[in-house]
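Colleague:
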DNA sequence: TCCGTATATTTGTCATACTAATTATTATTG
DNA sequence: CAATAATAATTAGTATGACAAATATACGGA
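Residue numbers (full-length UniProt numbering), protein chains in the order written: chain A, 1 to 151; chain B, 1 to 151.
Structure follows, in structure tokens:
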């Protein structure tokens, strides 16, 4: 039983290296953004004009974190906050022309960087990894709801 | 090719949930430390009286991060910095009595928390996960050394 | 319509990561 | 031995992550 604990260490360590490696390449190639900022841009490109709440869900970030990343993207003129006509509480996050250009310029390079991790691994490994990570993810739902699992 | 990019998102998301879930349980059960602080204590218990540099390597943390975590553990009286007789640049990090007691008290509970992730998964999954994560990890070595891979 | 509640965003605080720079000490080398 | 390089630890700055609280707005029911 005890040995199974190692997964948490491995996961943490690997996820950090993946991000660190990508950020290192981003810096070397002067992309001018962080890896997390890239994830936001990429999501915005696929689902245009999301509210920050929706964007946070797609990107797997919480709302305070997303607010701050959007702040940085706004200061870099890559996105802008637009009034949401149907709800004055929320904004719509909109890609600027510079933001779209950034995505076009970097997409291919980012793919290359991401694929470095996948050497010596194959399609089947990818399916295993997806399944295992998804299972862990759903195993650890923190349930505040009506099913009343844990406090 | 493009789809393989998803691994980075999955890894990051899963690692964050694993840590968040554990921290949530730590808080509920009033362990009085963070998940990362626990990892340091656990390592110190296995390899007594390491220097901060060695400890950082075992724990997979960088040195500035380790310095700060040790600061927090010192302020909680769980470890202390002792002079290293053979090298006045470095310290030896030593578990206090309270630190040892903390480890004994929490070990079983932490194991239970960690095992929650492993429902619906088996030994074979564990081996797959270990192998895949280790492969990714070594694929992404950032080599500043003599082999001269990338700038 | 008014009131209480829910929601979207923001702000604050603490902890963790990564980078770069600083300090004190040790090791190396001419 | 003296000058230089390398190393252990720290500090500073920025970004992210989690959680709580505050604010503004929307929604539901009396």
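Built from N, CA and C at the ideal position, the CB exists for glycine as well.
What are the residues in the segment 109 to 143 of chain A lying within 7 Å of chain B by C-beta distance?
Modeller: Cβ contacts with chain B come from 111, 114, 115, 116, 117, 118, 119, 120, 121, 125, 126, 128, 129, 130, 132, 133, 135, 136, 137, 139, 140 and 142.
Colleague: How many Å lie between residue 142(A) and residue 112(B) at the Cα?
Modeller: Whole-angstrom Cα-Cα distance: 15 Å.
Colleague: Would residue 108(A) be called buried (16 or more neighbouring beta carbons within 10 Å of its own) or exposed?
Modeller: Exposed, by the Cβ-count rule.
Colleague: Tell me, please, whether the CB atom of residue 34(B) is closer than 9 Å to any CB atom in chain A?
Modeller: Output row for residue 34(B): interface = no.
Colleague: Taking residue 1(B) as the reference, give the member of 128(A), 137(A), 116(A) and 58(A) with the closest Cα.
Modeller: Looking at the Cα atoms, 116(A) is the closest of the given residues.
Colleague: With a threshold of 9 Å between beta carbons, is residue 60(B) in contact with chain A?
Modeller: Taking Cβ atoms only, chain A reaches closer than 9 Å to residue 60(B), which makes this a yes.
Colleague: By Cβ distance, which residues of its chain are closer than 7 Å to residue 110(B), with the 5 residues on each side in sequence left out?
Modeller: Within the same chain, residue 110(B) has close Cβ partners 38.
Colleague: Assign residue 51(A) to one of three DSSP states: helix, strand, or coil.
Modeller: Looking at residue 51(A) - three-state DSSP - the assignment turns out to be strand.
Colleague: Just list the residues that DSSP pairs residue 83(B) with in beta bridges.
Modeller: Answer is 91(B), bridged to residue 83(B).
Colleague: Any C-beta of chain B sitting closer than 9 Å to the C-beta of residue 16(A)?
Modeller: Chain B contact via Cβ: present.
Colleague: I want to know whether the segment 5 to 20 of chain A touches the segment 51 to 68 of chain A - three or more CB-CB distances under 8 Å.
Modeller: Because the criterion of three Cβ pairs below 8 Å is not met, the segment 5 to 20 of chain A and the segment 51 to 68 of chain A do not touch.
Colleague: Nearest-angstrom Cα distance between residue 129(A) and residue 102(A)?
Modeller: For residue 129(A) and residue 102(A), the distance between alpha carbons rounds to 30 Å.
Colleague: Would you call the CB atoms of residue 15(B) and residue 14(A) closer than 9 Å?
Modeller: Going by C-beta atoms, residue 15(B) is nearer than 9 Å to residue 14(A).
Colleague: Report back the beta-carbon spacing between residue 67(A) and residue 79(A) to the nearest angstrom; my notes put them in contact at under 8 Å.
Modeller: Between residue 79(A) and residue 67(A) the Cβ distance is about 12 Å, and since that is not below 8 Å, they are no contact.
Colleague: Can you tell me whether DSSP reads residue 26(A) as helix, strand or coil?
Modeller: The answer is helix: DSSP assigns residue 26(A) an H, G or I state.
Colleague: Please find out if some non-hydrogen atom of the ligand SAH comes closer than 8 Å to the beta-carbon of residue 24(B).
Modeller: By its list of ligands, the structure shown contains no ligand whatsoever, and the ligand SAH lies outside what it can speak to.
Colleague: Establish whether the CB of residue 9(A) and some CB of chain B are separated by less than 9 Å.
Modeller: Answer yes: the Cβ-Cβ gap between residue 9(A) and chain B drops below 9 Å somewhere.
Colleague: Please report how far the alpha carbon of residue 120(A) lies from the alpha carbon of residue 4(B), in whole angstroms.
Modeller: If you take the alpha carbons of residue 120(A) and residue 4(B), they lie about 13 Å apart.
Colleague: With 9 Å as the limit, tell me which residues of the segment 17 to 28 of chain A have their beta carbon closer than that to any beta carbon of chain B; keep them in chain order.
Modeller: Listed by position, the residues of the segment 17 to 28 of chain A near chain B (Cβ gap below 9 Å) are 17, 18, 19, 20, 21, 22, 24, 25 and 28.
Colleague: Going straight from the alpha carbon of residue 32(B) to that of residue 92(B), what length do you get?
Modeller: The alpha-carbon atoms of residue 32(B) and residue 92(B) are separated by roughly 24 Å.
Colleague: Are the beta-carbon atoms belonging to residue 73(A) and residue 41(A) less than 9 Å from one another?
Modeller: Going by C-beta atoms, residue 73(A) is nearer than 9 Å to residue 41(A).
Colleague: Check whether the Cβ atoms of residue 88(A) and residue 22(A) lie closer than 9 Å to each other.
Modeller: For residue 88(A) and residue 22(A), no; Cβs fall outside 9 Å.
Colleague: How long is the line joining the alpha carbons of residue 99(A) and residue 35(B), rounded to whole angstroms?
Modeller: In a straight line, the C-alpha of residue 99(A) is about 37 Å away from that of residue 35(B).
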